[in-house]
Amino acid sequence: MSFEQLQIIKPIYQAITEAGYQEPTPIQEQAIPILLQGQDILASAQTGTGKTAAFAIPIIQMLPNSRGIKALILAPTRELAVQIYESFRIYTKYLNINTAVVYGGVSIGQQIKTLRKGVDILIATPGRLLDLKDQKLVDLRNVKFFVLDEADRMMDMGFIIDVKRIAREIPEERQTMLFSATLPDTIIELSETLLKNPVRIAISPEKPTIDAIKQAVFFVSKSNKINLLLSILNVKLVTSALIFTRTKYGANLLLKELQSYKIKADAIHGDKTQAARTKALNDFKNKKIKVLVATDIASRGLDIEELSHVINYDIPEDPETYIHRIGRTGRAGLSGTALSFCSEEEIRLLKSIEKHLHSKINVIKDHPFAIDITDLNKKKKPKYRKKHRNVRKAR
Numbered sequence: 033m034s035f036e037q038l039q040i041i042k043p044i045y046q047a048i049t050e051a052g053y054q055e056p057t058p059i060q061e062q063a064i065p066i067l068l069q070g071q072d073i074l075a076s077a078q079t080g081t082g083k084t085a086a087f088a089i090p091i092i093q094m095l096p097n098s099r100g101i102k103a104l105i106l107a108p109t110r111e112l113a114v115q116i117y118e119s120f121r122i123y124t125k126y127l128n129i130n131t132a133v134v135y136g137g138v139s140i141g142q143q144i145k146t147l148r149k150g151v152d153i154l155i156a157t158p159g160r161l162l163d164l165k166d167q168k169l170v171d172l173r174n175v176k177f178f179v180l181d182e183a184d185r186m187m188d189m190g191f192i193i194d195v196k197r198i199a200r201e202i203p204e205e206r207q208t209m210l211f212s213a214t215l216p217d218t219i220i221e222l223s224e225t226l227l228k229n230p231v232r233i234a235i236s237p238e239k240p241t242i243d244a245i246k247q248a249v250f251f252v253s254k255s256n257k258i259n260l261l262l263s264i265l266n267v268k269l270v271t272s273a274l275i276f277t278r279t280k281y282g283a284n285l286l287l288k289e290l291q292s293y294k295i296k297a298d299a300i301h302g303d304k305t306q307a308a309r310t311k312a313l314n315d316f317k318n319k320k321i322k323v324l325v326a327t328d329i330a331s332r333g334l335d336i337e338e339l340s341h342v343i344n345y346d347i348p349e350d351p352e353t354y355i356h357r358i359g360r361t362g363r364a365g366l367s368g369t370a371l372s373f374c375s376e377e378e379i380r381l382l383k384s385i386e387k388h389l390h391s392k393i394n395v396i397k398d399h400p401f402a403i404d405i406t407d408l409n410k411k412k413k414p415k416y417r418k419k420h421r422n423v424r425k426a427r
């Protein structure tokens, strides 16, 4: 199927063609006709499947010629919100439609000025939107289209109460679109309160995306992870590395270690101010720093060109998170490498990921910090237990 067959109006078609769009992705092919019919959708689709265009194109095409904010898109992070905003700007190139983005962590003044000029489509993070709403600086009474992007991430970050509050400020007569990488029971329950008779769409990431990424795992003790990392970062092929830790504390600790070895690095996580996160991300994109340490706040929505390596310094708790993390490399047809450091305590997490992938991840055994894990599942019972039983028997 082509974009022409999706009955997209000429100004949008011209804009997306100039942007290099050739054929619709599966999520676009399925969602666009349904949305153009005015139906709600509940879609499971990950970053990288083309979901932004799937909801943006119908919204732009159906946008009424009236005053006020007519479409509201909620995103969990500033990075994703900006990415969605940039996409809308591309698609509306030949249309007189005003789009704005608001998010926290930066000065609210410029965002207020933009809103006062008049906005048709607003992309927002929940906290900043509520700040503006409480100050009576944003009016949601004319919203006709409501999009909740990465709903599971919203849930993880504690935004669902805010989302429900925002939804109550929007007219009930609207078209609602909920996108989530996964659809646990909590998201299904949320969808039942927000959507009306939605069409359900499930899109898996295209396998070539994963196939384009070279995956490998190193078995290493927790104490030697930093030494292994330093040896890898010294390899010339590693031109840029996005390194994931499980906690903010771990990210800060690792950053301190790297900087002590004169490695140009910065960190991005929830405790950083928005200005600091933006600077770190821009420095990384512009090659001013080689390493960006991140928690999973950065595992979705980041679009970094030519990222050579993703390194899981800590194995993630959830297999889906692993896929989101490694998906930051190997984008736009480019190859990439994803390396994981697995300590003895993390082997169960690795097995869960391999089960989810339906394949084993290649193990790099030839490195100076390798540990032997072959007998970890066959540990002998401690001798003290036998002695303990003998004592009881003697009594």
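33 is the number of the first residue of the sequence shown in my numbering; add one for each residue after it.
We treat Cβ as the ideally placed atom computed from N, Cα and C, and that holds for glycine.
By the 10 Å Cβ neighbour count, where 16 or more other Cβ atoms means buried, how is residue i classified, buried or exposed?
i, result
"LYS228", "exposed"
"LYS320", "exposed"
"TYR354", "buried"
"VAL267", "exposed"
"SER223", "buried"
"GLY52", "exposed"
"SER139", "exposed"
"ILE89", "buried"
"GLU378", "buried"
"ILE44", "buried"
"ILE403", "exposed"
"GLU111", "buried"
"ASN128", "exposed"
"ILE41", "exposed"
"LEU269", "exposed"
"GLN467", "Residue 467 lies beyond the stretch modelled for the chain, which goes from 33 to 427, so this question has no answer here."
"ARG39", "With the sequence shown as reference, residue 39 is identified as Gln, and Arg is not the correct amino acid for it. With fewer than 16 other Cβ atoms within 10 Å, it is exposed."
"ARG197", "exposed"
"THR225", "exposed"
"GLN62", "buried"
"TYR345", "buried"
"ARG200", "exposed"
"ASP298", "buried"
"ASP328", "buried"
In whole angstroms, what separates the C-alpha of residue i from that of residue j?
i, j, result
"ARG148", "GLU349", "44 angstroms"
"PRO203", "ILE220", "21 angstroms"
"ILE275", "ALA308", "17 angstroms"
"LEU286", "GLN142", "35 angstroms"
"MET33", "LEU169", "43 angstroms"
"SER391", "THR369", "17 angstroms"
"LEU164", "THR109", "17 angstroms"
"PRO230", "LEU180", "14 angstroms"
"LYS257", "HIS388", "25 angstroms"
"GLU36", "THR49", "10 angstroms"
"VAL395", "ASP166", "53 angstroms"
"SER272", "SER255", "24 angstroms"
"LEU162", "GLN207", "21 angstroms"
"ALA283", "ALA326", "6 angstroms"
"PRO400", "GLN291", "23 angstroms"
"LYS412", "ILE405", "Interpretation of LYS412 is limited by its pLDDT of 43, a score under 50 that renders its predicted location unreliable; the figure taken from the coordinates is listed afterwards. If I take the Cα positions, the gap works out to 14 angstroms."
"LEU104", "PHE178", "5 angstroms"
"GLN46", "ILE64", "17 angstroms"
"GLU428", "THR305", "Outside the shown range of the chain (33 to 427) lies residue 428, about which nothing can therefore be said."
"LEU324", "CYS374", "20 angstroms"
"MET94", "MET186", "27 angstroms"
"ILE91", "ARG99", "16 angstroms"
"LEU339", "ARG360", "7 angstroms"
"PRO251", "SER263", "According to the sequence displayed, residue 251 carries Phe and not Pro. Cα to Cα, the separation comes out at about 15 angstroms."
"ASN409", "THR277", "Confidence at ASN409 is low in this model, with a pLDDT of 49, below 50, so the placement of that residue is unreliable and no value is reported for it."
"PHE24", "ASN259", "This structure leaves residue 24 out entirely; the chain is present only between 33 and 427."
"SER253", "ILE66", "51 angstroms"
"ALA244", "GLN54", "20 angstroms"
Spatial neighbours of residue i within its chain, please: CB distance less than 6 angstroms, with the 5 preceding and 5 following residues excluded, ordered by chain position.
i, result
"ALA75", "PHE211 and ILE233"
"ILE59", "ALA77, THR81, GLY82, LYS83, ALA86 and ILE235"
"LEU261", "none"
"ALA132", "THR146, VAL151 and LEU154"
"ALA113", "ALA107, VAL133, TYR135, ILE155 and THR157"
For residue i, collect the residues of the same chain with a Cβ closer than 7 angstroms to its Cβ; drop the 5 residues on either side in sequence, then sort them by chain order.
i, result
"GLY159", "GLY136 and ASP194"
"THR57", "THR81 and GLY82"
"ASP303", "LYS280"
"THR214", "SER76, ASP184 and GLU352"
"GLU238", "Note on GLU238: pLDDT 48, under 50, position unreliable in the model; the coordinate value appears next. Hits under 7 angstroms: none found."
Using a Cβ-Cβ cutoff of less than 8 angstroms, which residues in the same chain neighbour residue i once the five nearest sequence positions on both sides are dropped?
i, result
"ILE393", "GLN247, ALA248, VAL249, SER372, LEU382, ILE385 and GLU386"
"ILE101", "VAL151, ASP152, ILE153, LEU154, VAL170, ASP171, LEU172, ASN174 and VAL175"
"PRO240", "For PRO240, the pLDDT reaches just 43, beneath the cut-off of 50, and the residue's location in the model is therefore unreliable, although a value from the coordinates is still provided. So no residue of the chain qualifies."
"ALA312", "ASP298, ALA299, ILE300, LYS304, ILE321 and LEU324"
Along the chain, which unbroken stretches of the alpha helix (DSSP H) at least 4 residues long are found entirely within the region 36–72?
-> Runs of the alpha helix (DSSP H) inside the region 36–72: 42–50 and 58–68.
Please determine if the region 63–78 and the region 121–129 are in contact, where contact requires at least 3 C-beta pairs separated by less than 8 angstroms.
-> no
Note down, one range per segment and in chain order, each beta strand (DSSP E) of at least 3 residues found wholly within the region 292–319.
-> 297–300
Every unbroken beta strand (DSSP E) within the region 208–280, with a cutoff of 3 residues, ordered by chain | The qualifying runs are 231–234, 245–251 and 273–276.
Give, in chain order, every unbroken run of the beta strand (DSSP E) that is at least 3 residues long and sits entirely within the region 120–170.
-> 131–134 and 153–156
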